[in-house]
Amino acid sequence: MQKIFKISLLLCFTYALSLAKSDHVIIDKQQRIYWQDNLSSQKSSEDFKDAVAYCDNLILDGLTQWRLPTFQELFAITDYTHYKPTIDSRFKYTNNGTYWTSTPFFANKSRAWTINFRNGISYYSYKSTNHAVRCVKDIALSTQKESK
-14 MQKIFKISLL LCFTYALSLA KSDHVIIDKQ QRIYWQDNLS SQKSSEDFKD
36 AVAYCDNLIL DGLTQWRLPT FQELFAITDY THYKPTIDSR FKYTNNGTYW
86 TSTPFFANKS RAWTINFRNG ISYYSYKSTN HAVRCVKDIA LSTQKESK
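Under my numbering, the residue at position 119 of the sequence shown is numbered 104, and the numbers go up by one with no gaps.
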């Protein structure tokens, strides 16, 4: 039994290391999320509904349950020391345009907030327009209790 546990632990550790080295996923420990960072994160969706469906169906590095980032999450990777794209330098694949967030515009539910990574400016856009999509996935909190 102890041998099986050690093998399982080794496999989990190996998976975590390979994930950290992935060319497709960035681990954001501060926000506790994984960021999609591959060629597809430069492509535009047909509209907001298409962007949500894309994230819902994304499987990247064996990970599922992706979603659109909130405005706060996407804004947190905006880096105004860079221009075209105005984004954290860890991201390799970025469209020099506007990205969807999941945050609706409070005054009009037919719009949602977006961030333009060409210049870092945020907008509220009609959900019928097309913008690029970069998905996120929550990092699960450890469920193990500390042993005393």
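Where a beta carbon is used, it is the ideal one built from N, C-alpha and C, also for glycine.
Cβ-based burial, residue i [other Cβ within 10 Å; buried from 16]
{"i": "K6", "result": "With a pLDDT of only 40 at K6, under the threshold of 50, the placement of this residue in the model should not be trusted; the figure read from the coordinates follows. By the neighbour-count rule (16 or more Cβ atoms within 10 Å), K6 is not buried but exposed."}
{"i": "T66", "result": "exposed"}
{"i": "S110", "result": "buried"}
{"i": "A97", "result": "buried"}
{"i": "S113", "result": "exposed"}
{"i": "Y19", "result": "buried"}
{"i": "N42", "result": "exposed"}
{"i": "F91", "result": "exposed"}
{"i": "D125", "result": "Note on residue identity: the sequence assigns Ala, not Asp, to residue 125. It is exposed - the Cβ of A125 has fewer than 16 other Cβ atoms within 10 Å."}
Host beta strand (DSSP E) of residue i (start-end)
{"i": "K122", "result": "121 to 123"}
{"i": "Q21", "result": "18 to 21"}
{"i": "D13", "result": "10 to 13"}
Residues sharing a beta bridge with residue i, DSSP
{"i": "S29", "result": "A117"}
Contact check, residue i vs residue j, beta carbons under 9 Å
{"i": "C120", "j": "S26", "result": "yes"}
{"i": "E31", "j": "N115", "result": "yes"}
{"i": "K94", "j": "D8", "result": "no"}
{"i": "V37", "j": "L53", "result": "yes"}
{"i": "N101", "j": "Y84", "result": "yes"}
{"i": "K122", "j": "Q16", "result": "no"}
Alpha helix (DSSP H) segments (min. 4 residues) lying fully within the stretch 42 to 113 = 56 to 61
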